[in-house]
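Trainee:
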Amino acid sequence: MSESHYSLNGKRIILGVTGSIAAYKAVSLLRTLVQAGADVSVVMTQSATRFIAPLTFEVLSKHPVAIDLFSGKQEMMHITWPEHADLIVLAPCTANRMAKYALGLADDLLSTMLMTTQCPVVIAPAMDGEMWDQPALKNHVAVLRERGVTILEPEIGPLASGKWSQGRLPSEEAIVATIEEKLRETQDWVGHHFLISAGPTREPIDAVRFLSNGSSGKMGYELAEAAVARGARVTLVSGPTELAPPPGIEFLSVTTAEEMHQALASKFERATVLIMAAAVGDFRPRQVNPEKFKKQDWNGEPLELERTTDILAALSAQRTHQILVGFAAETSNLLENGQAKLKKKSLDMIVVNQIGGTHSAFGNETNEVILIPRGKTPQPIPRLPKRAVADRILTELHTFTVPASSHQPVSQI
Ligand code: CTP
Numbered sequence: 003m004s005e006s007h008y009s010l011n012g013k014r015i016i017l018g019v020t021g022s023i024a025a026y027k028a029v030s031l032l033r034t035l036v037q038a039g040a041d042v043s044v045v046m047t048q049s050a051t052r053f054i055a056p057l058t059f060e061v062l063s064k065h066p067v068a069i070d071l072f073s074g075k076q077e078m079m080h081i082t083w084p085e086h087a088d089l090i091v092l093a094p095c096t097a098n099r100m101a102k103y104a105l106g107l108a109d110d111l112l113s114t115m116l117m118t119t120q121c122p123v124v125i126a127p128a129m130d131g132e133m134w135d136q137p138a139l140k141n142h143v144a145v146l147r148e149r150g151v152t153i154l155e156p157e158i159g160p161l162a163s164g165k166w167s168q169g170r171l172p173s174e175e176a177i178v179a180t181i182e183e184k185l186r187e188t189q190d191w192v193g194h195h196f197l198i199s200a201g202p203t204r205e206p207i208d209a210v211r212f213l214s215n216g217s218s219g220k221m222g223y224e225l226a227e228a229a230v231a232r233g234a235r236v237t238l239v240s241g242p243t244e245l246a247p248p249p250g251i252e253f254l255s256v257t258t259a260e261e262m263h264q265a266l267a268s269k270f271e272r273a274t275v276l277i278m279a280a281a282v283g284d285f286r287p288r289q290v291n292p293e294k295f296k297k298q299d300w301n302g303e304p305l306e307l308e309r310t311t312d313i314l315a316a317l318s319a320q321r322t323h324q325i326l327v328g329f330a331a332e333t334s335n336l337l338e339n340g341q342a343k344l345k346k347k348s349l350d351m352i353v354v355n356q357i358g359g360t361h362s363a364f365g366n367e368t369n370e371v372i373l374i375p376r377g378k379t380p381q382p383i384p385r386l387p388k389r390a391v392a393d394r395i396l397t398e399l400h401t402f403t404v405p406a407s408s409h410q411p412v413s414q415i
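The sequence shown lines up with residues 3 to 415 when you count with the numbering used here.
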């Protein structure tokens, strides 16, 4: 499959389906968006559920369909879903829905989401021709367009009423092309190759036991998804995690720190940015017992450890043109410790997060960090979903970009 088929790789889209006979066409749109690499979550209005069963969307999107503001399944969904989305598309969108949106009404889940979102909104209307021509609706369309909402023109053709006029849902091709165009506007990392590490490492003690840590890998995976969504080519080198490899990236699975070092070293030369988000084990057992060690054979000898290679420091010593970003997990003196590591490993930026206590970054959906860019004032970032933190990091990194032409050519990986 050519790259253009994955034009929406890593993009998170909310598909809002409203109560129109054209609701069945949203099923095909959903499939096309998913096939293009998008992660689509569907929100239906109550009246849309009269036309088509939520189960259809649930199966095809692989996510629960949200309908009710008060379902209680997920708290604050009207805020959290739009916060994570790159784009909201309403297809089909009724005249009533556009009126509500233009007036700022927030009386159901979809209208409330539209009130809270900051991301681009694309509307594909479907209605009877006379409704589309109504002066009231024309006003709402004009108001929404003025506010930056993209409203496609409905198509002219036969309508469900049997009449021939302008009111048909725009073609799927037109909707998808508009979504792609809106999302291309944020493709600020095209031409770059991100090498990102994530998750913990495991250092074996014997055939079944190992030393590891509680890193979930989420921050690194979110960085990989954000970078790919912003146009970069991405290689993710991951220790053992519960997470599925994000689509559209090169994924290398490793276990030990040594394997992670080898995998990263093999890709380093071609990378333009290295982000070490992995919680690499600093120590490994000096001896690994190939068999399972029996407890009755232990006479109190201590487990002897040795240091693993500091991968980031080793790659930093070999850097030619790469931008280098480290993470520092600290329990105290965040700023001082972060600054010391930034200097010691000659990094361009370090992301410091607090571990331990209630603020721990490990395993959490959110993260509160301080970005310390080389030569610039440290920037505390408030507690945000990890994807939003990832986007802040990527935006901040532009300080260090060199023109894409001076990078090594980024060939196929
Ligand atoms: N790192 C690495 N190789 C290691 C250990 C850490 O590349 N063997 C990377 C991590 O991915 C992270 C940064 O170095 O980007 C963390 O620096 P480090 O000095 O190891 O900090 P901590 O892991 O927080 O350890 P400590 O505070 O004990 O020094």
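Yeah, the Cβ is synthetic: ideal placement off N, Cα and C, and Gly gets one too.
A quick note: this is a predicted structure, and the numbers were derived from the prediction, not measured.
DSSP beta-bridge partners for residue 124?
Mentor: 91, 152.
Trainee: Between residue 214 and residue 307, what straight-line distance do the alpha-carbon atoms span, to the nearest angstrom?
Mentor: Using only the alpha carbons, I get a separation of about 13 Å.
Trainee: Roughly how many angstroms lie between the CA atoms of residue 281 and residue 202, to the nearest whole one?
Mentor: For residue 281 and residue 202, the distance between alpha carbons rounds to 5 Å.
Trainee: How about the segment 287-302 and the segment 344-360: do they share at least three Cβ pairs that are nearer than 8 Å?
Mentor: With a cut-off of 8 Å, the segment 344-360 and the segment 287-302 do not count as touching, because too few Cβ pairs lie within range.
Trainee: Pick from 97, 275, 51, 101: whose alpha carbon is nearest that of residue 322?
Mentor: Nearest option by C-alpha distance: 275.
Trainee: Specify the secondary structure class of residue 335 as computed by DSSP and reduced to three states.
Mentor: Coil at residue 335, not helix or strand.
Trainee: Using beta-carbon positions only, say whether residue 221 and residue 259 come within less than 7 Å of one another.
Mentor: Cβ atoms of residue 221 and residue 259: not closer than 7 Å.
Trainee: So, are the CB atoms of residue 126 and residue 177 less than 7 Å apart?
Mentor: In this structure, residue 177 lies closer than 7 Å to residue 126 by Cβ.
Trainee: Mapping DSSP to helix, strand and coil, what is residue 66?
Mentor: Coil at residue 66, not helix or strand.
Trainee: Rounded to whole angstroms, what is the Cα-Cα separation between residue 118 and residue 341?
Mentor: C-alpha separation (whole angstroms): 36 Å.
Trainee: Excluding the 5 residues flanking residue 265 on each side, which residues of the same chain have their C-beta closer than 8 Å to its C-beta?
Mentor: Closer than 8 Å at the Cβ level, and outside the excluded window around residue 265, lie 239, 254, 256.
Trainee: Report the three-state DSSP secondary structure of residue 183 (helix, strand or coil).
Mentor: Of the three classes helix, strand and coil, the one that applies to residue 183 here is helix, per DSSP.
Trainee: Enumerate in chain order the residues of its own chain whose CB-to-CB distance from residue 273 is below 6 Å, with the five nearest sequence positions on each side excluded.
Mentor: Taken in chain order, the residues that qualify are 195, 197, 324.
Trainee: Going along the chain, which residues of its own chain have a beta-carbon closer than 7 Å to the beta-carbon of residue 371, five neighbours each way excluded?
Mentor: The residues are 353, 354, 355, 383, 391.
Trainee: Check whether the segment 298-307 and the segment 228-237 are in contact - that is, three or more C-beta pairs closer than 8 Å.
Mentor: With the cut-off at 8 Å, the segment 298-307 and the segment 228-237 do not touch.
Trainee: Given this structure, state the Cα-to-Cα distance separating residue 219 from residue 168, to the nearest angstrom.
Mentor: Roughly 50 Å separates the two Cα atoms.
Trainee: Closest to residue 331 by C-alpha separation, out of 373, 317, 297, would be which residue?
Mentor: Nearest C-alpha to residue 331: 373.
Trainee: When every heavy atom of the ligand CTP is checked, does at least one fall within less than 6 Å of the C-beta of residue 313?
Mentor: Yes, since a heavy atom of the ligand CTP falls inside the 6 Å radius drawn around the Cβ of residue 313.
Trainee: Within the segment 212-286, note down every full alpha helix (DSSP H) run reaching 4 residues or more, in order along the chain.
Mentor: Whole alpha helix (DSSP H) segments, 4+ residues: 220-231, 259-270.
Trainee: For the alpha helix (DSSP H) that contains residue 86, what are its first and last residues?
Mentor: Taken as a continuous stretch (DSSP letters only), the alpha helix (DSSP H) holding residue 86 covers 79-86.
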